[in-house]
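Novice: Residue numbers (the numbering used here): 211 to 423.
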């Protein structure tokens, strides 16, 4: 009975959510699009002509936002195990950690590198921090490994994380590769959520120190 009440409460909150309603009006496939729009407004992540990789892109809200700013001269490469609900420049369906998927990603880049890597991925959450945090950190480690392989020098890496054990240690590793790291909590991120967005700027392979803002 408790699970039914909890599910009903989530549905009611979701339906009444102003960002859900706004997404429906403005043609975005998820409310998450507004998190990225707010981050773009603050940090100017995307510019015309950029190449952007969107890991864990489904249903496609972040890819929609990125495309709006990179324009026709830019390129969005979306990667996910699940199908997208939108049409984008290039979609690779698969696990980004698989060699075959990474080969497709490299081919889509035409032996070049991306300007920006974005990820709104999260593991399947159980509600138990002792399980969820290690899963989240492992996913971030895989995404950082991907960033090291596909990002241009001075590139940008934006990803979702969760406050908890392991995040600070992961960020210390991140600092070895990026000169600036910023923490962000956009208005569209629910206040009660433990999620936080980490923006890593100025990628330098082999760099060993950074500033945290």
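All C-beta atoms, glycine included, are put in the ideal place defined by N, C-alpha and C. In this text, all values refer to a predicted model and were calculated from it rather than measured experimentally.
Would you grab the beta carbon distance between residue 370 and residue 324 for me? Rounded to a whole angstrom, and I think it's under 8 Å.
Specialist: No, residue 370 and residue 324 are not in contact; Cβ-Cβ is about 18 Å, not under 8 Å.
Novice: Measuring alpha carbon to alpha carbon, tell me which residue in 411, 270, 372 is nearest residue 402.
Specialist: 372
Novice: Hey, how far is the Cα of residue 246 from the Cα of residue 272?
Specialist: 6 Å
Novice: Which word fits residue 252, buried or exposed, when buried means at least 16 other C-beta atoms lie within 10 angstroms of its C-beta?
Specialist: When all chains shown are included, residue 252 counts as exposed.
Novice: In chain order, which beta strand (DSSP E) runs of at least 3 residues are fully inside the stretch 219-293?
Specialist: 261-265, 285-290
Novice: Does the Cβ of residue 329 have 16 or more other Cβ atoms within 10 Å, making it buried, or fewer, making it exposed?
Specialist: Residue 329 should be labelled buried.
Novice: Taking the straight line between their C-alpha atoms, what separation do you get for residue 366 and residue 227?
Specialist: Cα to Cα, residue 366 sits roughly 30 Å from residue 227.
Novice: Could you say which of 236, 326, 337, 232 lies nearest to residue 353 if we only look at CA atoms?
Specialist: 326
Novice: In terms of alpha-carbon separation, which member of 269, 277, 374 lies closest to residue 260?
Specialist: Nearest C-alpha to residue 260: 277.
Novice: Considering just the uninterrupted stretch of the beta strand (DSSP E) at residue 368, what are its terminal residues?
Specialist: 361-372
Novice: With a threshold of 16 other CB atoms inside 10 Å of the CB of residue 321, please say whether the residue is buried or exposed.
Specialist: Exposed, by the Cβ-count rule.
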